[in-house]
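>
Residue numbers (my numbering), protein chains in the order written: chain D, 34 to 247; chain L, 393 to 466.
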């Protein structure tokens with residue numbers, strides 16, 4: 034593994050978004066991953082519709098919550114074409130699912146995998162480099178007050194409650210850490226990102242890890 | 393200012409200052425996280441949890457490295 038790796042350096046990560054008072058973190062994390070993998074395939078970096086996933090994923094609860102894995106399963110089964118964010122913009126509330134003609138532009142996934150990487154964070158870093166950003170579920174209770182630095186304490190590995198997207202890692206300093214994109218706007222944390230210590234399953238970051246294929 | 397809502401939010405903000413103090417004091421190592429005022433400082437922990445922490449955890453299989461045969465390794 035390299036000492037440092039970040040998909041942002043390749044200009045394939047969309048800007049941090051703000052979920053406002055909608056509990057749609059699960060949709061933000063997987064759409065962020067799909068956007069990057071789409072760009073890695075040689076396409077332009079586009080912002081895709083999070084609202085489409087919030088409104089349409091049938092086994093989830095829109096702004097009242099959902100699961101990254103069940104949403105990915107639906108995207109994969111139906112080969113749903115995710116339209117651009119500009120076409121189906123975020124409203125911060127659950128709405129009626131809009132359907133688009135088959136001929137209209139959209140990005141669909143070819144597959145996904147979801148695994149528990151606890152005690153295998155080296156392999157998880159390799160997966161990040163091979164497949165693209167990783168959608169993970171963490172315990173983010175203490176993140177309410179986070180301002181910066183590397184989170185090493187004050188969260189649990191058994192109470193997952195928030196979905197985010199890992200875009201990279203940095204092992205150049207004393208404390209190696211994951212670089213994690215959140216969906217609480219750019220004023221939160223480190224320009225919308227948070228650093229989590231690597232190698233100890235802090236906040237349960239390695240317990241539920243999903244990667245998409247396009 | 394002066395409204396019931398203002399007093400509620402001000403109290404929650406003061407509670408958040410105590411919480412920041414606890415979170416910051418219990419970690420003495422360098423390179424550790426800092427906690428302080430942000431856009432969530434006038435929310436109670438319960439409100440924060442109810443609004444923002446809505447991901448449903450799922451049990452996924454343990455990752456196992458792809459098998460490489462000894463012939464391939466040779």
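In this text, a Cβ means the ideal position worked out from N, Cα and C, and glycines have one as well. Quick caveat: nothing in here was measured; it's all calculated off a predicted structure.
#1: Identify, in the order they occur along the chain, each residue of the same chain with its Cβ nearer than 7 Å to the Cβ of residue 219/D, setting aside the five sequence neighbours on each side.
#2: For residue 412/L, name the three-state secondary structure that DSSP assigns.
#3: On the CB-based measure, 16 or more other CB atoms within 10 Å of its CB, does residue 173/D come out buried or exposed?
#4: Taking 8 Å as the cut-off, decide whether the C-beta atoms of residue 185/D and residue 424/L are in contact.
#5: Say whether the segment 191-206 of chain D touches the segment 397-416 of chain L, bearing in mind that this needs 3 or more beta-carbon pairs closer than 8 Å, one atom from each stretch.
#6: Please identify the residue among 46/D, 41/D, 73/D whose C-alpha is closest to the C-alpha of residue 61/D.
#7: Using a cut-off of 7 Å between C-beta atoms, extract the partners of residue 132/D located in chain L.
#8: At a cut of 8 Å, does the segment 118-131 of chain D reach the segment 226-242 of chain D through at least three beta carbon pairs?
#9: Using the beta-carbon of each residue, which ones in chain L are nearer than 9 Å to residue 109/D?
#10: Bridge partners for residue 111/D per DSSP, in chain order?
#11: What does residue 180/D reach in chain L if we use C-beta pairs closer than 7 Å?
#12: Is the segment 197-206 of chain D in contact with the segment 152-172 of chain D, if contact means three or more CB pairs nearer than 8 Å?
From the atom records:
#1: 49, 225
#2: helix
#3: buried
#4: yes
#5: no
#6: 46/D
#7: The premise fails here: residue 132/D is roughly 25 Å from chain L at the closest Cβ pair, so nothing lies under 7 Å.
#8: no
#9: Those do not exist, as residue 109/D stays about 15 Å from chain L at its closest Cβ, beyond 9 Å.
#10: BP columns for residue 111/D are empty, so no partner.
#11: 426, 427, 428, 430
#12: yes
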